[in-house]
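Structure first, commentary second.
Numbering (this note's numbering), first residue to last: 1146 to 1851.
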């Protein structure tokens, strides 16, 4: 049993926040040179996204890969000997080809694209990333180290374990110096939980790699130059002269970027703000470099790293976007990720996991400063949002100052689905996400108005959803009067009127109770949660051009037609594809597909408890005229039960699949198949199509009574 630091969870939270700040800070000017940054932006001391007309929080491979791939420890067991082969299987489960996580720059150009194709074509890791497979240039690009932070954070104070994880993860796609860079950085981040001495951290990192490696020799040079030069800009120029981009082939080689990361650590590791200034002003792959440096420096100093300088955390508001095959993990927040990573670290140390805060409320505001994506609606100058204490309990603090009743309502909302501004960014990454909440689920909020409030207020739960024209509509619960100093519970069953209208935000709306009054109040939101299985019938809206209904489906399918014939018209050119929607909160539910038709090919069918592309249960029509309950277990398709059924092409069937506890039950035309399995406890609903096409009119999801 290994020990962990007493402030382990908060340090992980700091590391996650650091990663996000660094990536989102550097992303708008990724791959700019130092000279270009100086000419167009000057020194970087704060977020510059607004100067370049882009949102702060966007889809980015550095974030998606970092927090998706460490979930291999969930999929394959939190054990210290997880292999490259197992992590490669998580790639195949979480990555949707040409749509999620990576820059899909082409086979032989993008390292991750190349490695993914190798994995898909049957070349297992580590051969998928080996130089002998892909050549040295591809193998030594930057990607191995940019995804490494999660592997270090599950190994606090255990650099040897972090090194082992880093090597296994890195070799899925990289080799040579790229693997050395990843191992060194992971070792330093693990040691940063117990030391903030930069020279010590570098010594620990260097012990993890060969002394005669190019990475080690380059670090020696940078340390020597840093001793000679007081000005980091002089050292940066020496790096450019000796290790610059012109010295290496490929799109984004690891050596130049690792060099400026070491430089930023030597000159700015004592201070987060200085480190961010140096690493981002230095140029080249700024989001990658800045993300790694920011994570390490935040781990060194904890949450205090963000104090005493620019407000890095306010604009971020804890928000995270992870575009992967798990649609319920895409709209995310730093608090949720910190708990996930910390609990993986505790499992690896054979220690008890941290109990879910506040009876497992999804929004609990338990971590210092954590607002979990909640923000006041734009142009509401009278409203501010922060995290603080209410009677000794961490809560979301909503301050309303001088709100006139005729001015409307103070809104405080958080995203539960894809925000419109993300799609307006011209980038290489496609958004894969499902809404987090649905009609039929119960929203519950615990709120309290401060005793110092001078005017009674009313509050209601609020949801905003995309309508058929992709405009946001607002729907409210009944209002409740908030009495000063008194706690209240708001409950709301999300109404059926939001069927097939993806819910993009949920939150709280507060306004003065009396007309013509002015509201000065503080409202504490202790928690906000949702419970239960949705009651929904997924069916194409009347407006066939409606795009957000389509976007609520996570798809690896080649063609998804929703503007002709039935609601779902799906085609897969080769192999298996899956279309899914939902979250891992969905446990005991039944899904019914109406007018299911196999047009051509097979196997085809319905899936339940979908946890990515290769982990689910399904009821499939096979080409051999059988129906079968099939478990997808990574690359394997395991038949749990089957029966002869002479089904026909172009004939409509009503098909159902239920999951209750460890029991899986499929039904079609009077045939009932049952199986017992315990591997997947919850997940999305989906349709599976293989080497052909299928159609269906609707998919209905409803809870199963316990």
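A virtual CB, placed ideally from N, CA and C, is assigned to each residue, including glycine.
Subject >> Three-state class that DSSP yields for residue 1459 in the structure shown >> reply: Working through the chain shown from its first residue, we reach residue 1459 at position 314. Looking at residue 1459 - three-state DSSP - the assignment turns out to be helix.
**OP:** Go ahead and pull the three-state DSSP assignment for residue 1324.
**Re:** On the chain shown, residue 1324 is found 179 positions in, with the first residue counted as 1. Residue state, collapsed to three classes: helix.
**OP:** State the CB to CB distance for the pair residue 1409 and residue 1363, rounded to an integer number of angstroms; the pair is presumed to be in contact (CB under 8 Å).
**Re:** The count along the chain shown starts at 1 and reaches residue 1409 at position 264. The count along the chain shown starts at 1 and reaches residue 1363 at position 218. Their Cβ separation, rounded to whole angstroms, is 14 Å, which puts residue 1409 and residue 1363 out of contact at 8 Å.
Original post:
What are the boundary residues of the beta strand (DSSP E) that includes residue 1556?
Top reply: Indexing the chain shown from 1 puts residue 1556 at position 411. 1555–1560 is the span of the beta strand (DSSP E), which, as asked, contains residue 1556.
Subject >> Contact set for residue 1283: own chain, Cβ-Cβ below 6 Å, skip 5 residues either direction >> reply: For the purposes of this step, residue 1283 is taken as the residue at position 138 of the chain shown. Taken in chain order, the residues that qualify are 1256, 1259.
Original post:
Based on the DSSP output, what are the partners of residue 1621 in its beta bridges?
Top reply: Stepping through the chain shown from its first residue, residue 1621 is reached at position 476. Partner(s): 1607.
Original post:
Does any residue of chain B bring its CB to less than 8 Å from the CB of residue 1850?
Top reply: Of the chains in the structure shown, none is chain B; there is only one protein chain.
**OP:** Quick one: using the 10 Å Cβ neighbour count with 16 as the cut-off for buried, is residue 1440 buried or exposed?
**Re:** In the chain shown, residue 1440 corresponds to position 295, counting from 1. Buried.
Original post:
Taking one C-beta from the segment 1462–1474 and one from the segment 1179–1197 each time, how about it: are there three or more such pairs within less than 8 Å?
Top reply: no
**OP:** For the alpha helix (DSSP H) containing residue 1154, list its first residue and its last residue.
**Re:** Counting from one through the chain shown, the residue named residue 1154 turns up at place 9. It spans 1153–1171 - the alpha helix (DSSP H) in which residue 1154 sits, taken as one unbroken run.
Original post:
Does the pairing of the segment 1691–1710 with the segment 1449–1459 give three or more beta-carbon distances under 8 Å?
Top reply: no
Original post:
Which residues in the same chain have their Cβ closer than 6 Å to the Cβ of residue 1807, if we skip the five residues on either side of it in sequence?
Top reply: Residue numbering aside, residue 1807 sits at position 662 when the chain shown is read from its first letter. Within the same chain, residue 1807 has close Cβ partners 1821, 1823.
Subject >> CA nearest to the CA of residue 1236, picked from 1850, 1361, 1225, 1271 >> reply: Here residue 1236 refers to the residue found at position 91 of the chain shown. Closest option to residue 1236, Cα to Cα, is 1271.
Original post:
Contact check, residue 1826 vs residue 1472 under 8 Å by CB: the rounded distance?
Top reply: Here residue 1826 refers to the residue found at position 681 when the chain shown is read from its first residue. Here residue 1472 refers to the residue found at position 327 when the chain shown is read from its first residue. Residue 1826 to residue 1472, Cβ: 17 Å. No contact.
Original post:
Do residue 1670 and residue 1531 have their C-beta atoms closer together than 8 Å?
Top reply: To locate residue 1670, count along the chain shown from 1; it is residue 525. To locate residue 1531, count along the chain shown from 1; it is residue 386. The answer is no: Cβ separation not under 8 Å.
Original post:
Do the segment 1475–1490 and the segment 1408–1427 make contact, defined as three or more Cβ pairs closer than 8 Å?
Top reply: no
Original post:
In its own chain, which residues sit with a C-beta less than 6 Å from the C-beta of residue 1636, not counting the 5 before and 5 after it?
Top reply: Position 491 of the chain shown, counting from 1, holds the residue named residue 1636. Closer than 6 Å at the Cβ level, and outside the excluded window around residue 1636, lie 1589.
Original post:
Ends of the alpha helix (DSSP H) at residue 1230?
Top reply: One-based indexing of the chain shown puts residue 1230 at position 85. Per DSSP, residue 1230 belongs to the alpha helix (DSSP H) from 1229–1239.
Original post:
What separation, rounded to the nearest whole angstrom, lies between the Cα atoms of residue 1737 and residue 1785?
Top reply: Stepping through the chain shown from its first residue, residue 1737 is reached at position 592. Stepping through the chain shown from its first residue, residue 1785 is reached at position 640. Between residue 1737 and residue 1785, the C-alpha separation is close to 20 Å.
Subject >> Alpha-carbon to alpha-carbon, residue 1240 and residue 1252 >> reply: Numbered from 1 along the chain shown, position 107 holds the residue referred to as residue 1252. Numbered from 1 along the chain shown, position 95 holds the residue referred to as residue 1240. Residue 1252 and residue 1240: Cα-Cα distance of roughly 16 Å.
Subject >> Those residues which DSSP pairs with residue 1261 across a bridge >> reply: As a position in the chain shown, residue 1261 is number 116, starting the count at 1. None; residue 1261 has no bridge partner.
Original post:
Under three-state DSSP, which class holds residue 1626?
Top reply: In the chain shown, the residue the question calls residue 1626 occupies position 481. Strand.
**OP:** Could you say which of 1203, 1230, 1220, 1386 lies nearest to residue 1246 if we only look at CA atoms?
**Re:** Here residue 1246 is taken as the residue at index 101 of the chain shown, counted from 1. Comparing Cα-Cα distances from residue 1246 to each of 1203, 1230, 1220, 1386, the minimum goes to 1203.
Subject >> Proximity to residue 1656 [Cα-Cα], best of 1682, 1726, 1556, 1815 >> reply: Locating residue 1656 in the chain shown gives position 511, counting from the first residue. The shortest Cα separation from residue 1656 among 1682, 1726, 1556, 1815 belongs to 1556.
Original post:
Do the CB positions of residue 1811 and residue 1802 come within less than 8 Å of each other?
Top reply: Taking the first residue of the chain shown as 1, we reach residue 1811 at position 666. Taking the first residue of the chain shown as 1, we reach residue 1802 at position 657. A contact, by the Cβ cut-off of 8 Å.
Original post:
Under 8 Å between the Cβ atoms of residue 1681 and residue 1762?
Top reply: Within the chain shown, the letter at position 536 stands for residue 1681. Within the chain shown, the letter at position 617 stands for residue 1762. No, these two residues do not count as a Cβ contact at 8 Å.
Subject >> Closest residue to residue 1840 among 1149, 1244, 1710, 1603 (Cα-Cα distance) >> reply: Translated into the one-based positions of the chain shown, residue 1840 becomes position 695. Of 1149, 1244, 1710, 1603, the residue nearest in Cα terms is 1710.
**OP:** Alpha carbon to alpha carbon, how far is residue 1395 from residue 1254? Give it in angstroms, no decimals.
**Re:** As a working mapping, residue 1254 is identified with position 109 in the chain shown. As a working mapping, residue 1395 is identified with position 250 in the chain shown. One C-alpha to the other measures close to 7 Å.
Original post:
Got a sec? Which residues, its chain only, sit under 7 Å from residue 1170 by beta carbon, not counting five neighbours each side?
Top reply: In the chain shown, residue 1170 corresponds to position 25, counting from 1. Hits under 7 Å: 1192, 1421, 1425, 1435.
Subject >> Inter-residue spacing [alpha-carbon to alpha-carbon] between residue 1770 and residue 1716 >> reply: Residue numbering aside, residue 1770 sits at position 625 when the chain shown is read from its first letter. Residue numbering aside, residue 1716 sits at position 571 when the chain shown is read from its first letter. If you take the alpha carbons of residue 1770 and residue 1716, they lie about 20 Å apart.
Original post:
Would residue 1180 be called buried (16 or more neighbouring beta carbons within 10 Å of its own) or exposed?
Top reply: Within the chain shown, numbered from 1, the residue matching residue 1180 stands at position 35. Looking at its Cβ environment, which holds fewer than 16 other Cβ atoms inside 10 Å, residue 1180 is exposed.
Subject >> Cβ separation of residue 1275 and residue 1308, assumed to be a contact under 8 Å, to the nearest whole Å >> reply: Translated into the one-based positions of the chain shown, residue 1275 becomes position 130. Translated into the one-based positions of the chain shown, residue 1308 becomes position 163. No, residue 1275 and residue 1308 are not in contact; Cβ-Cβ is about 19 Å, not under 8 Å.
**OP:** Please state if the CB of residue 1158 and the CB of residue 1512 are separated by a distance shorter than 8 Å.
**Re:** Reading the chain shown from its first residue, position 367 is the one you call residue 1512. Reading the chain shown from its first residue, position 13 is the one you call residue 1158. Cβ atoms of residue 1512 and residue 1158: closer than 8 Å.
Original post:
Does the Cβ of residue 1174 lie closer than 7 Å to at least one heavy atom of the ligand FMN?
Top reply: Among the ligands in the structure shown, none appear at all, so the ligand FMN cannot be discussed.
Original post:
residue 1695: which of 1614, 1629, 1348 sits nearest, CA to CA?
Top reply: If you number the chain shown from 1, residue 1695 lands on position 550. Ranking 1614, 1629, 1348 by Cα distance to residue 1695 puts 1614 first.
**OP:** Decide yes or no for the touch test of the segment 1292–1302 against the segment 1317–1334: beta carbon pairs closer than 8 Å, at least 3 of them.
**Re:** yes
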